[in-house]
Amino acid sequence: MADALVGPQPVPRPLPAGEPMAAADYRRLVGVLEAVDRVPGLRGFQEQLVRALQSWYGYAGVAVLHGDTLREAVEKGCGVQGGYSPRFLADYAARWADADPFRTERTHRLLMSAGVVTLNEVAPDGEYGERFLRPHGISDKVGTVIDGGAAGVLYVGMAVRDSPHVPARDVAVLHTLRRHLAPLAVEQLTRHREQLALGTDWRLTPREWEVARLAAHGLTNQRIADRLFVGIDTVKKHLTRILDETGCANRAQLASRWREGG
Numbered sequence: 001m002a003d004a005l006v007g008p009q010p011v012p013r014p015l016p017a018g019e020p021m022a023a024a025d026y027r028r029l030v031g032v033l034e035a036v037d038r039v040p041g042l043r044g045f046q047e048q049l050v051r052a053l054q055s056w057y058g059y060a061g062v063a064v065l066h067g068d069t070l071r072e073a074v075e076k077g078c079g080v081q082g083g084y085s086p087r088f089l090a091d092y093a094a095r096w097a098d099a100d101p102f103r104t105e106r107t108h109r110l111l112m113s114a115g116v117v118t119l120n121e122v123a124p125d126g127e128y129g130e131r132f133l134r135p136h137g138i139s140d141k142v143g144t145v146i147d148g149g150a151a152g153v154l155y156v157g158m159a160v161r162d163s164p165h166v167p168a169r170d171v172a173v174l175h176t177l178r179r180h181l182a183p184l185a186v187e188q189l190t191r192h193r194e195q196l197a198l199g200t201d202w203r204l205t206p207r208e209w210e211v212a213r214l215a216a217h218g219l220t221n222q223r224i225a226d227r228l229f230v231g232i233d234t235v236k237k238h239l240t241r242i243l244d245e246t247g248c249a250n251r252a253q254l255a256s257r258w259r260e261g262g
């Protein structure tokens, strides 16, 4: 009997020499992605990301903020924070917000170009770190940004407590994590913007929201199924739930509501 498999036995490709990330880092990365990949809303996405970064990577304090621009995300603080004490946040707001190097145009330009930036890179010996962060037990900070274009910007800031500086390995991890988080974050930002435009509190899952968007734009059930790689019966079930949640009698009403929202 002939073998089912042809050709030489393949072997796993060796990892590049000097790989900055260990196998455990990749497992933690997958853990973070699994924590956020099916969350039904931007707020829940931000909350889950805060918890995942704390539990999988051990960051003491995490802020996940969003806005139309990076400046808006950082300065308005629209999002979720975890791990910071009320005293620290009050002291920051009262005395140190204007001195925060992560609120400067220079750091914003660096973040948008590099993707990941540490406090040690932008203000290694500044009084913000020496007089404010270190007395509160924070030795360094690192920020990363995901630019969603018209959908907005997601900023993630993390505080380091047990190391004088953010280790190079952590920076490498964050660069990789940022690339994998980007499509999930952009999807959440886009859906959030659509919800605001519609002026609705529709409680739809991410998949239901995508089906609703495609149906509102005139795609047939079959085309939606092909686009999302699901069966047509699955699309029908989603549409039934969508029409019930939105109070629309049919697809035409759904499309009309969508157009009214811009």
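Just so we're aligned, residue 1 is where the sequence shown starts under full-length UniProt numbering, counting upward by one.
Note that CB positions come from ideal geometry on N, CA and C, so glycine has one too.
Is it buried or exposed for V30, if we count other Cβ within 10 angstroms and need 16 for buried? The Cβ neighbour count for V30, taken over all protein chains shown within 10 Å, is under 16; the residue is labelled exposed.
Please tell me whether E245 has its Cβ less than 8 Å away from any Cβ of chain B. Annotation note: the requested chain B is absent from the structure, which comprises a single protein chain.
Can you find at least 3 beta carbon pairs, one from the segment 174-193 and one from the segment 151-163, that sit closer than 8 Å? Put simply, the segment 174-193 touches the segment 151-163. At least three CB pairs are less than 8 Å apart.
Distance CB(E127)-CB(R103) smaller than 8 Å: No, the Cβ-Cβ distance between E127 and R103 is not below 8 Å.
With 16 as the cutoff for other CB atoms within 10 Å, does A123 come out buried or exposed? With 16 or more other CB atoms across the displayed protein chains lying within 10 angstroms of its CB, A123 is buried.
Alpha-carbon spacing of E19 relative to R257, whole angstroms: So the two alpha carbons sit approximately 51 Å from each other.
Less than 8 Å separating the beta-carbons of F45 and V32? No.
So within the segment 52-122, which uninterrupted alpha helix (DSSP H) runs reach at least 4 residues, ignoring any that extend past its ends? The qualifying runs are 70-76, 86-91, 105-114 and 119-122.
From which residue to which residue does the alpha helix (DSSP H) around V171 run? Looking at the DSSP string, the run of the alpha helix (DSSP H) that includes V171 is A168 to L198.
At what residues does the alpha helix (DSSP H) containing I138 begin and finish? Counting along the chain, no alpha helix (DSSP H) covers I138, and no H or E run does either.
Under the DSSP definition of a beta bridge, which residues are partnered with V153? For V153, which the question treats as bridged, DSSP gives the partners G67 and D147.
In the DSSP assignment, what residue or residues form a beta bridge with M158? As a beta-bridge residue in DSSP terms, M158 pairs with V62 and V142.
I242 beta carbon less than 8 Å from that of L196: Between L196 and I242, the C-beta gap is not smaller than 8 Å, which leaves the two residues out of contact.
Confirm, please, whether the CB-CB distance from D140 to H165 is below 8 Å. Yes.
Would you identify the three-state DSSP class for Q9, choosing helix, strand or coil? Three-state DSSP puts Q9 in coil, outside helix and strand.
Where the alpha helix (DSSP H) through W209 begins and ends: First-last of the alpha helix (DSSP H) with W209: P206 to A216.
Using only the alpha-carbon positions, how far apart do W209 and G157 sit? The alpha-carbon atoms of W209 and G157 are separated by roughly 29 Å.
Where does E19 sit, in a helix, a strand or coil, going by DSSP? Collapsing the DSSP output to three states places E19 in coil.
Whose C-beta lies closer than 7 Å to the C-beta of N221 among residues of the same chain, with five residues either side of it excluded? The answer, listed in chain order, is I232, V235 and K236.
How far does the alpha helix (DSSP H) with residue 268 in it reach, from first residue to last? Any property of residue 268 remains undetermined from this structure, which presents the chain solely from 1 to 262.
Count the other C-beta atoms from every protein chain shown that fall within 10 angstroms of the C-beta of G79, then say buried if there are 16 or more, exposed otherwise. Answer is buried; the Cβ neighbour count reaches 16.
Near A185, which residues of its chain fall below 7 Å by C-beta distance, leaving aside the five closest residues on each side in sequence? Its chain contains I146, G148 and L154 as the residues whose beta carbon lies nearer than 7 Å to that of A185, once the 5 sequence neighbours on both sides are disregarded; these appear in chain order.
Considering L239, what are the terminal residues of the alpha helix (DSSP H) in which it resides? Boundaries of the alpha helix (DSSP H) around L239: I232 to T246.
Considering Cα atoms alone, identify which of W96, F88 and R71 is closest to E105. The residue with the shortest Cα to Cα distance from E105 is R71.
Neighbourhood of R251 by C-beta distance below 6 Å, restricted to the same chain and skipping five residues each side: Around R251: A215.
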